[in-house]
Amino acid sequence: MGAAVPMIDLWRGGRLESRHAGHAVICDETGQIVESWGDPAAEIFPRSSCKMMQALPLLESGAAEAHGLTDRQVALACASHQGAAIHTEAVGRWLADLGLSEADLRCGAHEPYDTAERNRLIRAEEKPCQCHNNCSGKHAGFLTLNRHIGGGSEYVEVDHPVQKAVKAAFEEVTGEASPGYGIDGCSAPNFATSVHGLARAMARFAAATGAGDARDRAMHRLTRAMGAHPEMVAGEGRACTELMRAMDGRVAIKTGAEAVFVAIVPERRMGIALKITDGGTRGAEGAIAALLVRLGVLDPAHPATLKRLDAVQKNWRGLETGIIRRAAGFP
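Here the working numbering = 1-based position in the sequence shown + 601.
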């Protein structure tokens, strides 16, 4: 792996305090690199940034159409959500429509990130369930595909037909054979690729017209569903939701754990992928905002941008303590 380059800095008292370095690639629809920083060949786990690719078999197989999935559900299949009521209720209804229950999920349970729902659980002395898992929408999508193809219950196993279909789609759209996989936080396999491969895949989504073959139509619908329903993709206060709203849904973006971020930019027919090597969310959010500003699709003065880039830091008394800004030479 080549050297990462500085991308986002934190300044305090006129001095550089912290620095986030990483790799980033902007690709065009042909898969060629338009611009890059760091090492485009750096191999990474895309984590949840690849959920659109994991959802491709759901649409391409005809399962989404057969089960009458709405665009709101399609967006939820790509989500790393907050576990708010709008998310858990939507997952619960989806499972019920399949004749399944929360017990059929294989993502595991964790405390919701949504404060209101967490407080509700505490007051009611209830434990979180698997619907609160930030990946439960993706898993509802897996279960829908699994019902359609008649697979066994352990749909997260790497040799299960669901995951074989995911791997095939993943390798085809990245244009690379995956060098291996790891197990994600939600128990599903997460296939590795290069930063270039991830950007190439996003550019293919960006170039989809909705008038082509099954893959083209699937990519087009996934991208538009995310842009139309940003609240389902993440939640209030989250970067994915706020930045997609700031761009009026014209761009689909998705974060992944350990500071991965991608963007699908249909009006430029370009895709972006980045990885901050220290795994810090602050660096990834600032870097994706900077790249979207560079492509002219995000207003640098929008509050959602200024929350993450050229962002003034304040302490508990409201005093200005520092600022988060792009590193010299990036982007």
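Using N, Cα and C, we set each Cβ at its ideal position, and we do this for glycine too.
Straight-line CA distance for methionine 845 to alanine 680? Taking the first residue of the sequence shown as 1, we reach residue 845 at position 244. Taking the first residue of the sequence shown as 1, we reach residue 680 at position 79. One alpha carbon belongs to methionine 845, the other to alanine 680, and they sit about 13 angstroms apart.
Contact between the segment 796 to 805 and the segment 607 to 626 is defined here as three or more beta-carbon pairs at a separation below 8 angstroms; is this criterion met? Segments in contact, yes.
Boundaries of the alpha helix (DSSP H) in which threonine 716 is found, first to last residue: The residue labelled residue 716 in the question sits at position 115 within the sequence shown. Where threonine 716 is concerned, the enclosing alpha helix (DSSP H) stretches over 716 to 725.
What does DSSP give as the partner residues of cysteine 628 in its beta bridges? Position 27 of the sequence shown holds residue 628. Its beta-bridge partners are Ile634, Gly872.
Do you know whose CA, among Arg909, Ser788, Gly693, lies nearest alanine 741's CA? Counting from 1 along the sequence shown, the entry for residue 741 is found at position 140. Nearest C-alpha to alanine 741: Gly693.
Let me make sure I understand the geometry here. Which of Gly880, Ser619, Gly753, Ala929 has the alpha-carbon closest to that of valine 861? Walking along the sequence shown from the start, residue 861 turns up at place 260. Out of Gly880, Ser619, Gly753, Ala929, Gly880 has the C-alpha closest to the C-alpha of valine 861.
Beta-carbon within less than 8 angstroms of asparagine 791's beta-carbon, same chain only, minus the 5 sequence neighbours each way: which residues are those? As a first step, residue 791 is located in the sequence shown; it is residue number 190 there, counting from the start. Excluding positions up to five away in sequence, the list reads Phe646, Pro647, Arg648, Cys651, Tyr782, Gly783, Ile784, Asp785.
Who does glutamine 914 pair with in a DSSP beta bridge? Numbered from its first residue, the sequence shown carries residue 914 at position 313. Among the bridge pairs identified by DSSP, glutamine 914 is matched with Gly923.
Let me make sure I understand the geometry here. Which of Thr906, Arg869, Pro932, Ala667 has the alpha-carbon closest to that of histidine 749? Indexing the sequence shown from 1 puts residue 749 at position 148. Of the residues Thr906, Arg869, Pro932, Ala667, the one whose Cα lies closest to the Cα of histidine 749 is Ala667.
Cα-Cα separation between glycine 923 and asparagine 916, rounded to whole angstroms: Looking up residue 923 in the sequence shown gives position 322. Looking up residue 916 in the sequence shown gives position 315. Looking at the two C-alpha atoms, the distance is approximately 9 angstroms.
Does the distance from the CB of threonine 856 to the CB of alanine 885 come in under 9 angstroms? Residue 856 sits at position 255 when you count from the first residue of the sequence shown. Residue 885 sits at position 284 when you count from the first residue of the sequence shown. Result yes, Cβ atoms of threonine 856 and alanine 885 sit closer than 9 angstroms.
Locate the beta strand (DSSP E) running through asparagine 791, then write down its first and last residues. Locating residue 791 in the sequence shown gives position 190, counting from the first residue. Element bounds for asparagine 791: 790 to 792.
When every heavy atom of the ligand HEM is checked, does at least one fall within less than 8 angstroms of the C-beta of alanine 928? No copy of the ligand HEM appears in this structure; indeed no ligand is present at all.
I'd like the list of long-range same chain contacts for serine 788, defined as Cβ closer than 8 angstroms, with 5 residues on each side in sequence excluded. Your numbering for residue 788 matches position 187 in the sequence shown. Within the same chain, Cβ atoms closer than 8 angstroms to the Cβ of serine 788 are found at Arg707, Cys708, Gly709, Val757, the five residues on either side in sequence being excluded.
Where serine 754 sits in the DSSP three-state scheme: Position 153 of the sequence shown, counted from the start, is the residue given in the question as residue 754. In the structure shown, serine 754 sits in coil (DSSP, three-state: anything other than H, G, I, E or B).
Quick one: complete alpha helix (DSSP H) runs, 4+ long, within the segment 626 to 696? Qualifying alpha helix (DSSP H) stretches, in chain order: 652 to 655, 657 to 661, 664 to 667, 672 to 678.
For isoleucine 865 versus methionine 653, is the C-beta distance shorter than 9 angstroms? Position 264 of the sequence shown holds residue 865. Position 52 of the sequence shown holds residue 653. Taking 9 angstroms as the Cβ cut-off, isoleucine 865 and methionine 653 qualify as a contacting pair.
Among Glu712, His903, Pro607, Phe771, the one whose alpha carbon lies nearest that of alanine 847: To locate residue 847, count along the sequence shown from 1; it is residue 246. Out of Glu712, His903, Pro607, Phe771, the CA that lies nearest to the CA of alanine 847 is found in His903.
Taking buried to mean at least 16 other C-beta atoms within 10 Å of its own C-beta, is glycine 614 buried or exposed? Position 13 of the sequence shown holds residue 614. Exposed, by the Cβ-count rule.
Applying the criterion that 16 or more other CB atoms from any shown protein chain within 10 Å of the CB defines a buried residue, is lysine 768 buried or exposed? Taking the first residue of the sequence shown as position 1, residue 768 is located at position 167. A buried status is given to lysine 768, since no fewer than 16 other beta-carbon atoms sit within 10 Å of its beta-carbon.
To which residues does DSSP link histidine 621 through a beta bridge? The residue given as residue 621 occupies position 20 in the sequence shown. BP columns for histidine 621 point to Ile609.
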